[in-house]
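Numbering (this note's numbering), first residue to last: 3 to 392.
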């Protein structure tokens with residue numbers, strides 16, 4: 003989108019806005035020629051030249067001859083972001099595992115760390131201490147200080163300060179994790195719900211790239227949802243995320259849920275429910291569940307998973323009727339669902355959802371980012387403010 007100076011607009015503000023827009027274009031969509039950048043951003047070539055030259059001088063971008071050439075004549079140079087020019091620390095907190103990464107401009111993961119969050123090591127103070135202790139070696143390895151931190155948490159999180167109101171499956175309540183981390187790491191910390199950040203990552207870099215109205219549904223121990231509407235993350239009152247779909251009651255009087263209610267959707271389609279459907283022990287590790295889903299015995303998964311598949315279809319139909327997405331992305335454990343079952347879910351949603359039929363059919367696909375979706379979403383949350391400051 004082009005930017006033109008209007009009455010009251012200072013040239014420095016316009017230049018700063020254009021610079022941030024160009025960098026964000028490279029960060030999200032990858033390398034491009036100056037001509038392509040001018041066309042995409044609606045700016046003239048002299049403006050693009052000045053912006054690229056300034057960013058190159060600051061070490062934020064560089065220009066290279068493309069590896070693959072087409073046609074005769076001298077190829078146009080590609081403008082590429084320099085990954086280490088701005089690096090963020092991303093943290094994905096889950097019930098059984100915590101993953102961390104240093105992510106550079108352009109979305110490249112430059113260094114990783116992770117650990118299993120065993121029973122007794124999930125207390126907020128323990129997780130906080132481990133994050134800080136793990137961040138040090140990662141930063142030393144890369145020799146670059148992060149300019150911001152993004153954190154994914156499976157619960158209700160206040161965006162303004164990273165206050166975790168409640169994370170039922172972690173057994174957390176009223177945890178000021180954002181404040182703790184900000185003081186310890188001496189950098190701005192941005193936190194969000196894990197499914198919300200999964201949706202953000204899939205929208206920018208995964209299966210929902212190019213789609214403006216999507217719902218991401220992820221299943222770990224719990225089930226959560228994230229919503230992108232008109233290309234923007236949808237949030238409710240107080241900036242809290244929308245998408246606690248795992249706690250919509252689908253079976254009154256059903257199994258008890260961690261949230262304190264009964265018959266929540268996640269009691270029928272979460273990790274333990276999937277274990278029961280596969281005749282596995284409810285405490286089976288994630289690897290065993292995924293292996294079973296991908297084994298030859300699950301090729302007839304719609305029939306074998308029976309009631310689990312039915313409850314999943316019912317919940318998805320309700321979600322589509324409520325939120326009207328053109329695309330539903332299934333993440334976490336759902337990523338391992340056999341293609342036959344995913345196709346069956348898409349057909350069932352079309353049949354049962356009035357909204358899906360009105361849209362000409364809502365597509366249902368699995369995540370393209372797999373276990374990195376929420377980690378990359380946390381990085382993108384941190385980059386939102388970093389890129390706007392350039």
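Using N, Cα and C, we set each Cβ at its ideal position, and we do this for glycine too.
### Task
Could you have a look at residue 12 and say whether DSSP puts it in helix, strand or coil?
In the three-state scheme derived from DSSP, where H, G and I count as helix and E and B as strand, residue 12 is classed as coil.
#### Entry: DSSP beta-bridge partners of residue 336
None; residue 336 has no bridge partner.
### Message
Is it buried or exposed, residue 353, if we count other Cβ atoms within 10 angstroms and call 16 or more buried?
### Response
exposed
### Query
Quick one: what does DSSP say residue 406 is sitting in, helix, strand or coil?
Nothing can be reported for residue 406: it is not among the residues displayed for the chain, which extend from 3 to 392.
### Task
Verify whether the separation of the beta carbon atoms of residue 389 and residue 110 is less than 8 Å.
no
### Message
Quick check: residue 358 and residue 331, are their CB atoms within less than 8 Å of each other?
### Response
no
### Message
So if DSSP puts residue 80 in a beta bridge, which residue, or which two residues, is it bridged to?
### Response
35, 66
### Query
Is residue 318 closer than 8 Å to residue 276 when the C-beta atoms are compared?
no
### Query
With 16 other CB atoms within 10 Å as the buried threshold, where does residue 356 fall?
exposed
### Query
DSSP state of residue 41, grouped into three classes?
Helix.
### Task
Have a look at residue 64 and residue 138 and give me their C-alpha separation to the nearest angstrom.
Looking at the two C-alpha atoms, the distance is approximately 29 Å.
### Task
Sort 249, 264, 250 by Cα distance to residue 256 and report the nearest one.
When only C-alpha atoms are compared, the closest one is 264.
### Task
Would you mind working out which of 242, 384, 326, 148 sits nearest residue 365, comparing C-alpha positions?
326
### Query
What are the boundary residues of the alpha helix (DSSP H) that includes residue 96?
In the DSSP assignment, residue 96 falls outside any alpha helix (DSSP H), carrying neither H nor E.
### Cβ-based burial, residue 171 [other Cβ within 10 Å; buried from 16]
buried
#### Entry: Beta carbon of residue 194 nearer than 8 Å to that of residue 180
no
### Query
What does residue 394 pair with, by DSSP beta-bridge criteria?
Residue 394 cannot be examined here, being either before or after the span of the chain that is shown, 3 to 392.
### Task
Determine, using beta-carbon pairs with one atom in the stretch 155 to 163 and one in the stretch 99 to 113, whether at least three such pairs fall under 8 Å.
Because the criterion of three Cβ pairs below 8 Å is not met, the stretch 155 to 163 and the stretch 99 to 113 do not touch.
### Message
Just to confirm before moving on: does the CB-CB distance between residue 189 and residue 150 stay below 8 Å?
### Response
yes
#### Entry: Helix, strand or coil at residue 373 [DSSP, three-state]
helix
### Query
Rounded to a whole number of angstroms, what is the C-alpha to C-alpha distance between residue 96 and residue 119?
If you take the alpha carbons of residue 96 and residue 119, they lie about 8 Å apart.
### Query
If you draw a straight line from the C-alpha of residue 6 to the C-alpha of residue 18, how long is it?
Summary for residue 6: the model assigns pLDDT 48, below 50, so the residue's position carries little reliability; its value from the coordinates is reported in the next sentence. So the alpha carbons of these two residues sit roughly 12 Å apart.
### Given residue 125 as reference, the closest of 113, 169, 348 once Cα atoms are compared
169
### Query
If we count the other Cβ atoms within 10 Å of its Cβ and call it buried at 16 or more, is residue 235 buried or exposed?
buried
### Message
In this structure, how does DSSP classify residue 211 when only helix, strand and coil are distinguished?
### Response
coil
### Boundaries (first-last residue) of the alpha helix (DSSP H) holding residue 226
Unbroken run through residue 226 is the beta strand (DSSP E), 225 to 231; no alpha helix (DSSP H).
### Task
Inspect the CB distances between the stretch 140 to 149 and the stretch 212 to 232 and report whether three or more fall short of 8 Å.
no
### Whole-angstrom distance between residue 131 and residue 114, CA atom to CA atom
17 Å
### Nearest-angstrom beta carbon gap, residue 273 and residue 222 [assumed within contact, 8 Å]
6 Å
### Query
Quick one: what's got a C-beta closer than 6 Å to residue 377's C-beta in the same chain, skipping five residues either side?
92, 94, 101, 103
#### Entry: Residue closest to residue 198, alpha-carbon to alpha-carbon, out of 333, 340, 90
333
### Message
Just to confirm the assignment, what range does the alpha helix (DSSP H) spanning residue 291 have?
### Response
288 to 296
### Query
In three-state terms, what does DSSP make of residue 313?
Helix.
### Task
Starting from residue 182, follow the alpha helix (DSSP H) in both directions and report where the run begins and ends.
Where residue 182 is concerned, the enclosing alpha helix (DSSP H) stretches over 179 to 187.
### Query
So is residue 69 buried or exposed if we call it buried at 16+ other beta carbons inside 10 Å?
exposed
### Nearest-angstrom Cα separation, counted from residue 129 out to residue 58
39 Å
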